[in-house]
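These notes concern the structure reproduced below.
2 protein chains.
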Amino acid sequence: MKNFVFHNPTKILFGKDTIPSIGSETAALGKRALMVYGQGSIRKNGIYDQVTKSLQDAGVMLVEHGGVKSNPVLSHVHRGIALAKENKVDVIVAVGGGSVLDSAKAIAAGALVEHDVWKFFTGKKSIKATLPLSCVLTLAASGSEMNSGMVVTNEETKQKFGFANKHLYPKVSILDPTATFSVSPAYTAYGAVDAIAHVLEFYFTNQEPYTPVQDHFMEGLIISCMDSCNRVLQDLKDYDARADLMWAATLALNGLTGAGLGKVGFPMHMIGHSLSALYNAAHGAGLSVVIPGWMIYQAQRTPEKFAQFGERVFGKNSGSTEKKAAQGIQALLSWFVKVKAPTSLTALHISVQDIPLIAENALALAKIWNMKDYTEEKIGEILKLCV
Amino acid sequence: MKNFVFHNPTKILFGKDTIPSIGSETAALGKRALMVYGQGSIRKNGIYDQVTKSLQDAGVMLVEHGGVKSNPVLSHVHRGIALAKENKVDVIVAVGGGSVLDSAKAIAAGALVEHDVWKFFTGKKSIKATLPLSCVLTLAASGSEMNSGMVVTNEETKQKFGFANKHLYPKVSILDPTATFSVSPAYTAYGAVDAIAHVLEFYFTNQEPYTPVQDHFMEGLIISCMDSCNRVLQDLKDYDARADLMWAATLALNGLTGAGLGKVGFPMHMIGHSLSALYNAAHGAGLSVVIPGWMIYQAQRTPEKFAQFGERVFGKNSGSTEKKAAQGIQALLSWFVKVKAPTSLTALHISVQDIPLIAENALALAKIWNMKDYTEEKIGEILKLCV
Numbered sequence: 207m208k209n210f211v212f213h214n215p216t217k218i219l220f221g222k223d224t225i226p227s228i229g230s231e232t233a234a235l236g237k238r239a240l241m242v243y244g245q246g247s248i249r250k251n252g253i254y255d256q257v258t259k260s261l262q263d264a265g266v267m268l269v270e271h272g273g274v275k276s277n278p279v280l281s282h283v284h285r286g287i288a289l290a291k292e293n294k295v296d297v298i299v300a301v302g303g304g305s306v307l308d309s310a311k312a313i314a315a316g317a318l319v320e321h322d323v324w325k326f327f328t329g330k331k332s333i334k335a336t337l338p339l340s341c342v343l344t345l346a347a348s349g350s351e352m353n354s355g356m357v358v359t360n361e362e363t364k365q366k367f368g369f370a371n372k373h374l375y376p377k378v379s380i381l382d383p384t385a386t387f388s389v390s391p392a393y394t395a396y397g398a399v400d401a402i403a404h405v406l407e408f409y410f411t412n413q414e415p416y417t418p419v420q421d422h423f424m425e426g427l428i429i430s431c432m433d434s435c436n437r438v439l440q441d442l443k444d445y446d447a448r449a450d451l452m453w454a455a456t457l458a459l460n461g462l463t464g465a466g467l468g469k470v471g472f473p474m475h476m477i478g479h480s481l482s483a484l485y486n487a488a489h490g491a492g493l494s495v496v497i498p499g500w501m502i503y504q505a506q507r508t509p510e511k512f513a514q515f516g517e518r519v520f521g522k523n524s525g526s527t528e529k530k531a532a533q534g535i536q537a538l539l540s541w542f543v544k545v546k547a548p549t550s551l552t553a554l555h556i557s558v559q560d561i562p563l564i565a566e567n568a569l570a571l572a573k574i575w576n577m578k579d580y581t582e583e584k585i586g587e588i589l590k591l592c593v
Numbered sequence: 207m208k209n210f211v212f213h214n215p216t217k218i219l220f221g222k223d224t225i226p227s228i229g230s231e232t233a234a235l236g237k238r239a240l241m242v243y244g245q246g247s248i249r250k251n252g253i254y255d256q257v258t259k260s261l262q263d264a265g266v267m268l269v270e271h272g273g274v275k276s277n278p279v280l281s282h283v284h285r286g287i288a289l290a291k292e293n294k295v296d297v298i299v300a301v302g303g304g305s306v307l308d309s310a311k312a313i314a315a316g317a318l319v320e321h322d323v324w325k326f327f328t329g330k331k332s333i334k335a336t337l338p339l340s341c342v343l344t345l346a347a348s349g350s351e352m353n354s355g356m357v358v359t360n361e362e363t364k365q366k367f368g369f370a371n372k373h374l375y376p377k378v379s380i381l382d383p384t385a386t387f388s389v390s391p392a393y394t395a396y397g398a399v400d401a402i403a404h405v406l407e408f409y410f411t412n413q414e415p416y417t418p419v420q421d422h423f424m425e426g427l428i429i430s431c432m433d434s435c436n437r438v439l440q441d442l443k444d445y446d447a448r449a450d451l452m453w454a455a456t457l458a459l460n461g462l463t464g465a466g467l468g469k470v471g472f473p474m475h476m477i478g479h480s481l482s483a484l485y486n487a488a489h490g491a492g493l494s495v496v497i498p499g500w501m502i503y504q505a506q507r508t509p510e511k512f513a514q515f516g517e518r519v520f521g522k523n524s525g526s527t528e529k530k531a532a533q534g535i536q537a538l539l540s541w542f543v544k545v546k547a548p549t550s551l552t553a554l555h556i557s558v559q560d561i562p563l564i565a566e567n568a569l570a571l572a573k574i575w576n577m578k579d580y581t582e583e584k585i586g587e588i589l590k591l592c593v
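Residue numbers (the numbering used here), protein chains in the order written: chain A, 207 to 593; chain B, 207 to 593.
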């Protein structure tokens, strides 16, 4: 096992009827809040009213900044930073999924500096402090509610970049599974795919040959994400299924899966981000296209871990290492098909002729993430397996 | 899933050569430290010198309080509290295993009040604050290094009592697997048994019928504890095996396994504590005696979960629910035998005639822990299965 530091200070309030705690939890952090949210679904399902009432009852002054889009964009973050500064807010409240959370994190960091917040994403500046952040989560997917990462798209440069910094942990995140009841079947599946992708990146790209504690944990999370997603798709208001998916997605990227693994790459996200940046593919949909192709490519090189995956996650116990590996990949692909997540570039209406363009875009992120073993040619080869 | 709050603020530094960080980490918490440690093994393996040098280099004034025994006793805690008050220390440093950590926690709590610290254990007083605590861990077992629990034995009343309070999380814990190289085979096995027992308590006694996320996590931890313990017993200085066991034991009781399970009981610990309180049985040894008997008793009442345990942890896939349950229990018992953990009262030289006495002692703790479904008669029945 590699050396590591694990320190996740986020407080999680999980369960039914927890949303009304957002007021008192936020009031302990600040008195003037910028409330960041998305396209207005929270106005339909009543969460907007619950949150604003709770904040007002707790004496928190509110400035609103709605309109965050899926694949959140830098221009909207810039406007949030301006609002935060103008109104001298001292706390950020995120009400939404990963896109809202990541926008809120970027605003929380950008509000305390004079330079463009994008410099944090390109590595030209490093975050030293942020405004405190509280959160009401409405989508099981990104894990941003309990981690130190954020991803934002710069529309001008067509770059979807992300990174982690210890100042980006939310202080408190409220996870009420009922807040996800109105998430569509498609976005429920994309969320599960995203969570599974987070696990797979650590599972397959770490430096250590044998990490039994982490491997069992990760295999259990993948099984749990698939199982709970299946149950949600049978009944969108199955509380326990929504709860299992929500908690599994949070655990999938809160630092525990990677603790002790050493350096990991995020190649599937690296390529998937380009599909979002260039074609605005939903985050999870881009991933479900890239994952099987990347796995096929990588299993030719390191089949043992893929065989373990096939055996332990899908019970593929017979045959050669290569056979078990292939069966595991096929089983995951079949599950993507079952939950109607796209599994080919064609399904996203992306032409094979665009592969060089995508590879070029992805390479920019590979450079920032210091993934030196990825060239345009290699990314192109992987993308050809995603057709 | 039941509602829960999860907030574990302990910072973990894990790996080789991390012990010299204790100075700077502690200096950030206070300048006058009480250093709590055990019977002197840390003087033999060099850890004492590393820790004191690091603390001195960081400018931390040191008062020493060695001599903590396995199954730490209240009188020694009392002396530590007196020392802490006399010397006006502002931070506690624990260097040892669970016994040292729990003594240090009790001192950290007792140093800030005028009443007897035992009142916290009997529930007559509640902890409102503690001195900050840093730790260098030397035994993979209790999980105290990343949780809010502590267990201390009152020698006068022959009571081994424990409880949890949010102020008892260490601020920082340093986990260097090499610090456990000198732990004997017997105590390595007892430590693994203790960690497994922590998982089993949550696994078998929670209120929810179906908790897939937590169950997979817990099954993986049990498998990891057994696997890594086996490897350590082959080679006491196998770094990766020591590291896997150390991290698995920490994760086994850091709050994650129980998050969402609702109320759990700790019946195996409740009875095992009495074996320690009355006969000074090593904590893990008392547990390995009680676990199989309790499991046999409980499997007759709720066989389904035991069958799942047999299937997923030991691959017992065939036959009836009852058969799989019995095979799982037998497999765990066989593993205890393999690692030379005692599996009967006789092995601890405890007479069957003492069963009423043990049951009476255990019941006192059952009352404090509010385990209303345990009577002396029931505890006696379980103990008869431990013969």
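Every residue gets a Cβ at the ideal spot worked out from N, C-alpha and C, and that includes glycine.
Everything numeric in this text was worked out from a predicted model, so none of it was measured.
Whole-angstrom distance between residue j and residue i, CA atom to CA atom
i         : j         : result
B/Leu-481 : B/Ala-487 : 6 Å
B/Gly-499 : B/Glu-528 : 16 Å
B/Gly-490 : B/Val-342 : 21 Å
A/Ala-553 : B/Gln-536 : 51 Å
B/Ala-547 : B/Ala-392 : 7 Å
A/Phe-327 : A/Tyr-375 : 16 Å
B/Arg-507 : B/Val-543 : 25 Å
A/Ser-309 : A/Ser-281 : 10 Å
B/Ser-332 : B/Ser-260 : 34 Å
A/Gln-262 : A/Leu-268 : 8 Å
A/Gly-155 : B/Ile-502 : Not covered by the structure: residue 155 of chain A. The range shown for chain A is 207 to 593.
A/Ala-513 : B/His-321 : 60 Å
A/Leu-571 : B/Leu-539 : 52 Å
B/Asn-277 : B/Ala-483 : 8 Å
B/Asp-444 : A/Arg-249 : 57 Å
B/Ala-395 : A/Ile-287 : 55 Å
A/Gly-252 : A/Val-301 : 12 Å
A/Ala-233 : A/Phe-220 : 19 Å
Opposing strand residues paired with residue i [DSSP bridges]
i         : result
B/Ile-502 : None, per the DSSP bridge assignment.
B/Phe-515 : For B/Phe-515, which the question treats as bridged, DSSP gives no partner whatsoever.
B/Thr-359 : B/Val-279 and B/Lys-366
B/Leu-339 : B/Ile-298
B/Lys-217 : B/Val-378
B/Val-242 : B/His-271 and B/Ala-300
A/Phe-210 : B/Phe-220
For residue i, the three-state DSSP class (helix, strand or coil)
i         : result
A/Ala-317 : coil
B/Phe-472 : coil
A/Val-543 : helix
A/Asp-322 : coil
B/Gly-349 : coil
A/Glu-231 : helix
B/Gly-525 : coil
B/Arg-507 : coil
A/Pro-562 : helix
A/Trp-453 : helix
Anticipated Cβ contact below 8 Å, residue i with residue j, distance rounded
i         : j         : result
B/Leu-337 : B/Ile-380 : That belief does not hold up - the Cβ atoms of B/Leu-337 and B/Ile-380 are roughly 18 Å apart, past 8 Å.
A/Asn-412 : A/Leu-467 : 3 Å
A/Lys-208 : A/Glu-361 : Between A/Glu-361 and A/Lys-208 the Cβ distance is about 37 Å, and since that is not below 8 Å, they are no contact.
B/Glu-231 : B/Ser-354 : About 19 Å; that fails the 8 Å criterion.
A/Ala-449 : A/Val-438 : With 8 Å as the limit, A/Ala-449 and A/Val-438 do not qualify as a contact, their Cβ atoms being about 10 Å apart.
B/Lys-325 : B/Ser-305 : The Cβ separation is near 21 Å, so there is no contact.
A/Ile-556 : A/Tyr-485 : 6 Å
Count the CB pairs spanning the region 340-352 of chain B and the region 394-409 of chain B that are closer than 8 Å, and state whether there are at least three. These segments touch.
Taking 8 Å as the cut-off, does the region 429-440 of chain B touch the region 412-422 of chain A (at least 3 CB pairs, one atom from each stretch)? yes
Counting Cβ pairs closer than 8 Å, one from the region 407-414 of chain A and one from the region 233-253 of chain B, do we hit at least three? no
Counting pairs of beta carbons, one from the region 213-228 of chain B and one from the region 220-240 of chain A, are three or more of them closer than 8 Å? No, they do not touch.
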